[in-house]
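I have placed the structure first, in the form of structure tokens, so that the comments after it can refer back to it.
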Amino acid sequence: MAKVKFTSALQRFFPGLEGAYFEGDSVQSIIQSIEVRYPGIQHYLLEEDGKLRRHVNIFLGNEMILDRNQLSDPVTDSDEILIFQALSGG
Amino acid sequence: MTLSDQEKLRYSRHLNLPMFGLEVQEKLKNSKVLVVGTGGLGAPMLQYLTAVGVGTIGVVDFDVVDESNLQRQVLFGSHDIGKSKTSVAIAKLKLQNPFVTFLEFNVKLEASNALAIIEQFDAVADGTDNFPTRYLVNDACVLTGKPNIYASIYRFEGQVSVFNWINNEGLLGPNYRDIFPTPPPPGMVPNCAEGGVLGVLPGIIGSIQASEVIKVLTGIGAPLSGKLFLFDVLDFSTRVLNIKRDPLNPLNGIIPSITELIDYEEFCGLKQLTTIEVLAPQDLHRRILEGEALCLIDVREEEEFHQANIGGKWIPLNEIERRFDEIPKSGTVVLICKSGQRSATAIRRLIDQQGYQNLCNLEGGLIAWKRVISPDLNLF
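Heads up: the protein sequence lines correspond to chains P and A, in order. Counting from 1 along the first sequence, just add 40 to a position and that's the residue number in the numbering used here. Counting from 1 along the second sequence, just add 733 to a position and that's the residue number in the numbering used here.
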């Protein structure tokens, strides 16, 4: 179980989206757990081939994940994951 | 250039500030910064950069003041509606500090003019409101070797960073493409016009951006290079993320593939290749009065639609593809939004993805309708 926080900008597409603890020992398995609770979010975050979409970013703690293609970065229970995206407003 | 006695009095709180003093104040006076965008971020940034005495400030914007700007763009008032943002801003800023020189660029920053404009300055502050200009500013700063003080906002959130900055050891920091290599597909990340923004948020984020500009220009402190600052008003959370240069960055990675500015509208998937038929408000009004069976589709957000509409079916832009079966493929269908931009996007998607041939766009949107047909329409 790792704590996941989302940029609130994602609530536009997933209105009930809230930060919570999700099961998983890698970024990929965490996203699969998130998909169970918020169906469709995986398509928003990942390309068809499973790579992280280029306008989305995931941080483990304060560091960017290393593997954007397979999302294999290991996750432990003490990790905090941030999923966010580019903002355009000014 | 050194400070006059009057300037020393004006900046006295800086002159007795530890780490600042006369030498740093004179650095500010001899600095030139370009502020791109005079909107939510640009307004507070310009006011503070003017107040603190940056010597030369370039101001870029092609837009005019709109009533919907006034909830957050604190440089402008009701009497400025319809006037050029750059000229109104500079007139007010000159009154604020007569010791600052302003350079007005009442143009849209584009690949054709960006390098020539940016080359005149020591640093650039990006306060624009769209992805094509953000990538343009980033790329132009990398190509000209200028630091880019970046900020962006949406709803209750803000982001700030300093890109393309060389530290005291001569090491170059990351740029925008190291975090977001390519822009989101059109429609995946809404702008403030669609999603809204808390009025005070750009004041907070724009002020932080101004402080980073001062640090970059003067060399005091540690700029937010290699870091991305995030702020969320709702839970008052802040976070500073570490960002690194990407060896695959197409601008300055191991094998650079971008050596000149590109077409950023096309890069962001916004190139308008599809021809869109338009309908002027007076023509739509006449055809309605004549009893023609037109199908109207309003693609604005729910709150906007309920605030004021001219009838028709409500299908917000982000649902248009999913609900296309509610839109007839025969008879004239008129797409409507506030300014005509979102409805044009909806039409492009419907033509490109579903082959519609019976769509037209209300020219100028409901703003034009209000002006020409119905002044009482209570638009946001």
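Ideal Cβ positions, reconstructed from N, Cα and C, are used throughout, including at glycine.
Quiz item: With distances taken from CA atoms, which of R910(A), G1098(A), G786(A) and P777(A) is nearest I937(A)?
Solution: P777(A)
Quiz item: From the DSSP output, which residues share a beta bridge with P114(P)?
Solution: S66(P)
Quiz item: In three-state terms, what does DSSP make of S1072(A)?
Solution: coil
Quiz item: Which chain P residues are close to F1114(A), counting only those with a beta carbon under 8 Å from its beta carbon?
Solution: In the structure as shown, chain A starts at 734 and stops at 1113, and residue 1114(A) therefore has no counterpart that could be examined.
Quiz item: Is E999(A) near the ligand FAD, judged by its Cβ being under 7 Å from some heavy atom?
Solution: The ligand FAD is not part of the structure shown, which contains no ligands of any sort.
Quiz item: Interface residues of chain A around S112(P) at Cβ under 7 Å?
Solution: Result: empty, since nearest Cβ-Cβ is about 18 Å, beyond 7 Å.
Quiz item: Does DSSP put L828(A) in a helix, in a strand, or in coil?
Solution: helix
Quiz item: Expressed to the nearest angstrom, what Euclidean distance is found between the alpha-carbon atoms of L779(A) and G1064(A)?
Solution: 50 Å
Exercise. Check whether the region 956-963 of chain A touches the region 889-902 of chain A, taking contact to mean three or more Cβ pairs, one atom from each stretch, closer than 8 Å.
Key: yes
Exercise. Note down the Cα distance separating I886(A) from P935(A), rounded to an integer number of angstroms.
Key: 7 Å
Exercise. Output the boundary residues of the alpha helix (DSSP H) element that contains N871(A).
Key: Annotation: the continuous alpha helix (DSSP H) that includes N871(A) extends over F864 to T877.
Quiz prompt | Within 7 Å of chain P by C-beta, residues of the region 834-866 of chain A in sequence order | solution = G860, T861, D862, N863 and F864
Self-check item: Members of the region 88-104 of chain P that neighbour chain A once the beta carbon cut-off is set at 7 Å
Solution: Hits within the stretch, in order: R94, H95, N97, F99, N102, E103 and M104.
Exercise. Round the Cβ separation of N908(A) and V875(A) to the nearest angstrom and send it over; I've been treating them as touching at under 8 Å.
Key: 6 Å
Self-check item: Below-8 Å beta-carbon distance, G80(P) vs any chain A residue
Solution: False, the Cβ-Cβ gap to chain A never drops below 8 Å.
Quiz item: Looking at the structure shown, is M778(A) part of a helix, part of a strand, or coil, going by DSSP?
Solution: helix
Quiz item: Expressed to the nearest angstrom, what Euclidean distance is found between the alpha-carbon atoms of D119(P) and V44(P)?
Solution: 9 Å
Exercise. Note down, in chain order, every chain P residue with its Cβ under 8 Å from the Cβ of T915(A).
Key: R94 and H95
Exercise. Indicate the three-state DSSP secondary structure (helix, strand or coil) for V76(P) in the structure shown.
Key: helix
Practice problem: Pull up the distance between the alpha-carbon of F854(A) and that of N871(A), whole angstroms please. | Solution: In this model, F854(A) and N871(A) are separated by some 14 Å (Cα to Cα).
Exercise. Sort T735(A), F838(A), Y744(A) and V857(A) by Cα distance to A884(A) and report the nearest one.
Key: Nearest option by C-alpha distance: V857(A).
Quiz item: Bridge partners of A60(P), per DSSP?
Solution: In the DSSP output, where bridge partners are listed per residue, A60(P) has V44(P).
Quiz item: Can you tell which of Q1040(A), K1071(A) and R1082(A) has the C-alpha that lies nearest to the C-alpha of I1060(A)?
Solution: R1082(A)
Quiz item: Is the CB-CB distance between F838(A) and V793(A) below 8 Å?
Solution: Yes; because the gap between Cβ atoms is below 8 Å, this pair is in contact.
Quiz item: When the cut-off is 8 Å and only beta carbons count, does V821(A) lie next to chain C?
Solution: The structure shown contains no chain C; its protein chains are P and A.
Practice problem: Give every residue of the same chain whose Cβ lies closer than 6 Å to the Cβ of A126(P), excluding the five residues on either side of it in the sequence, and list them in chain order. | Solution: H95
Quiz item: Between the region 955-987 of chain A and chain P, which residues of the former have a C-beta closer than 8 Å to a C-beta of the latter?
Solution: L963, D965, L967, R972, V973, L974, N975, I976 and K977
Practice problem: Express the C-alpha separation of P1108(A) and G939(A) in angstroms, rounding to a whole number. | Solution: 34 Å
Self-check item: chain A contact for S118(P) (CB, 8 Å cutoff)
Solution: no
Quiz item: When DSSP builds the beta bridges, which residues end up paired with C1028(A)?
Solution: BP columns for C1028(A) point to V1066(A).
Quiz item: Measuring CB to CB, does R46(P) end up less than 8 Å from I105(P)?
Solution: In the sequence on display, residue 46(P) carries Phe and not Arg. No, the pair does not count as a contact, with Cβ atoms beyond the cut-off.
Quiz item: Do you know whose CA, among C1028(A), V769(A) and R910(A), lies nearest I976(A)'s CA?
Solution: R910(A)
Exercise. Starting from the C-beta of K765(A), find all residues in its chain whose C-beta is less than 6 Å away, skip the five residues before and the five after it, and write them out in chain order.
Key: T789, F854 and D855
Quiz prompt | Burial state of E1035(A), where buried means 16 or more other Cβ atoms lie within 10 Å | solution = exposed
Self-check item: Under 7 Å from the C-beta of N892(A): neighbouring residues of chain P
Solution: Here residue 892(A) turns out to be Gln, not Asn, going by the sequence shown. The contacting residues are L127.
Exercise. Only counting runs of 4 or more residues, tell me where the alpha helix (DSSP H) segments fall wholly within the region 903-948 of chain A, in order along the chain.
Key: Runs of the alpha helix (DSSP H) inside the region 903-948 of chain A: 909-912 and 925-928.
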